[in-house]
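Per the numbering used here: the sequence shown = residues 3 to 609. The beta-carbon is built from N, C-alpha and C at its ideal position, and this holds for glycine as well.
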Amino acid sequence: MKIRRAGAAIAMAATGALLFSACSTPGAETGEDATPEATAVEPTDGCKADLGEVETADGEIKYSIGEDEWNAYNNDTSATNSTYNAVVDTQLFSGFYYFGSDGTICHDENFGSYEATSEDPLVVEYTINDDATWSDGEPVAYEDYLLDWATQVYTDQGTKTVDGSETPLFDYVGGLTFGTYVSSPPEGEVGGKTLTYNYDKVYADWEAQVSDSMPAHVVAEKAGTDVQGLVDAILNGDVAVLTAAAEWWNTGWVYETPGQLPDASEVPSSGPYIIKEGGWTAGQAVTLTANENYWGPAPATKELTFRFAAPETHVQALSNGDLDAIEPQATVDTVAQLEQLGDSVTISTGQEFTWEHLDFNFASGRPFANDAGGLVLREAFALCAPRQKIVDDLIKPLNPDAVVMNAREVFPFQDAYAEVTEVSYDGSWDEVDIEASKAKIAESGVATPIDVEISYNAPNERRSQEVALIKASCDEAGFNIIDGGSEAFFDTELDAGDYDIALFAWAGSGLVASGQSIYSTGGGQNYGKYESEPVTAAWTALADSADPAVHLEQQKIIETELWKDLFNLPVFAHPGIAAYNSDLQNIRQTVAQNGLPWNAEQWSRAS
């Protein structure tokens, strides 16, 4: 699974978040092994191909990203922001842009348009398609985006954020960052199709800040008012109404009973699909069906089914027809099994903006916290963690060019990687040194053996192998590594900070400011409670500029400080693989966090 990260405006339903990941890869080519027959329309760039007039074909296409249940229509909260939700929710919402297969920001002109009408100060004007409506017939309009703004501005005191450090009223995954850039509400009228954002200062990823929205008319009803009442409450800071709205926004679209669908009136769609009536079977799948009220290009296939299937079952399920498209965790065994399926299956390889890492928990009472073993104990772990062996044993058989990753905000396949790491990383943690690790443990004063639980989302074969390799090495130094794999990791443990070391992957989009909420003090995705004034200041400087030279210099500072504090240990950029039935058309891999279904509304079977 992927965790989406928040930061500037992010992918999928969450305009501003990075994603949790369990099995993906960083970006570049798409589908280089795909056969020509697998594509009905040859794309000319990274954006969606123009299929012309499309008539929705009867039938169903089945896909799985993993075993976790879909559990939220609102994928924008800190508790629900995952690819397991996003792959479904992306089909239920339309917006001003989407990420193309190469990470390009693609304008969705079927939804609307936008332009910066002034650069200093930055002013951006958005126009929504006159025909854009929710599936219940209500217009997609100004009030939806006013609500979107409010979710990123109001604190739990009912006041507007000053510096983004306050506790948010709405559990928006990106926190209050947007509110520090756009402190005044967007201009527009209730029911109107135009809205204007006046920025207080430049934002690096402004173009990706506003995309889709949640339905304001639903929130208004659940808050005990109407749309005009909700708009007035947002504009006037009515704490009672805002609190009621936030309660629904935070929890009303999160489903704790698998298989129990909400009333259709609560989950209207602005995208090509709606949730099929009775289409959620606990532990099995959720099915979407074509949105008859969608004004844009009709979806190519009537139904999309997202099955909840463990990654280790994907190849067999593809072989026997239970699945039509998969993104299995890339292992040597998986590739060999896929190749045995012959011409009936197309195998596509590529890169994605996804990277594996081991995150320390800095919260008080945890073994690596600064009031416990601290930096010295983190250094001891870094000296015994066999990053190179993990890459050699688990990743290089799939990608011979794979390397240990020594940065977080740039990938080894990106041009800036060498320049950033040359300045920020001195090679101190390249080699395992058990004796040096023992010495650091002794220096920390912590009695051995030191229990350290490495938590991750289970089952996950590759992650369990990573933990086993770490245990074989670090136990020699004086640690007692505990395999903390759990099915509850992404649901509860990570967000609650219930771990010593968290092993997962961030899946991103390539936006330069998207990591701000991960590393900044008090950031919404800073699950390990890391605090650093230099890092927070560098992120602010980066986000406040549109100059690539400034971005590069601040990335160098950020990476240097993260290594100095040993915020975490990056391990590798994921090798990506997708496989699908060869009779499917228009399937294209992507480097971005949406995964294979980024254009699922275009998937069809060859006639």
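Following the DSSP letters along the chain, one finds serine 321 inside the alpha helix (DSSP H) bounded by residues 316-322.
Under the 10 Å beta carbon count, aspartate 453 is surrounded by fewer than 16 other beta carbons and is classified as exposed. Pairing glycine 530 with asparagine 363 gives a Cβ-Cβ distance under 7 Å. Here the alpha carbons of glycine 68 and tyrosine 156 stand approximately 35 Å from one another.
Put simply, the backbone Cα of aspartate 91 is about 42 Å away from that of leucine 385.
Here isoleucine 589 is not near glutamate 468, since their CB atoms are 7 Å or more apart. Taking a contact as a CB-CB distance under 8 Å, the pair glycine 298 and asparagine 112 counts as one, their CB atoms being some 4 Å apart. In terms of Cα proximity to threonine 245, the closest of Val256, Gln262 and Ala222 is Ala222.
Distances from the alpha-carbon of proline 187 to those of Asp403, Ala409, Arg389 and Ala235 put Ala235 closest. Here the region 291-311 lies against the region 257-276, with 3 or more beta-carbon pairs under 8 Å apart.
According to DSSP, proline 170 shares a beta bridge with Thr157. The straight-line gap separating the alpha-carbon atoms of alanine 118 and proline 264 is approximately 39 Å.
Within the region 433-465, the runs of alpha helix (DSSP H) at least 4 residues long that lie entirely inside it are, in chain order, 436-446.
Taking the Cα positions, aspartate 477 is about 20 Å away from serine 430. In this structure, the CA atom of alanine 311 is about 15 Å from the CA atom of alanine 581.
Taking each of Pro536, Val164, Ala515 and Asp47 in turn and checking the Cα distance to valine 184, the smallest one comes out for Val164. Contact between lysine 50 and asparagine 601 is confirmed by a C-beta separation of about 5 Å, below the 8 Å threshold.
Note that the C-beta distance between glutamate 329 and glycine 597 is below 7 Å. In this structure, leucine 505 sits near isoleucine 456, with a CB-CB distance shorter than 7 Å. Non-local beta-carbon contacts of threonine 523 in its own chain, meaning distances under 6 Å to residues more than five positions away in sequence, involve Glu533 and Thr538 in chain order. The beta carbon of asparagine 583 is closer than 6 Å to those of Asp326 in its chain, skipping five residues each way along the sequence. Here tyrosine 419 has Ala409, Val412 and Phe413 as same chain residues with Cβ atoms under 8 Å from its own Cβ, once five neighbours each way along the sequence are excluded. When secondary structure is reduced to three states using DSSP, glutamate 62 falls in the strand class. When secondary structure is reduced to three states using DSSP, cysteine 108 falls in the strand class. DSSP links tyrosine 199 through a beta bridge to Val126.
Each residue's CA atom was taken as its position, placing glutamine 556 and glutamine 595 some 24 Å apart.
In the three-state DSSP reduction, proline 141 falls in the strand class (E or B). Closest in alpha carbon position to serine 466, among Glu489, Met216, Glu121 and Val448, is Glu489.
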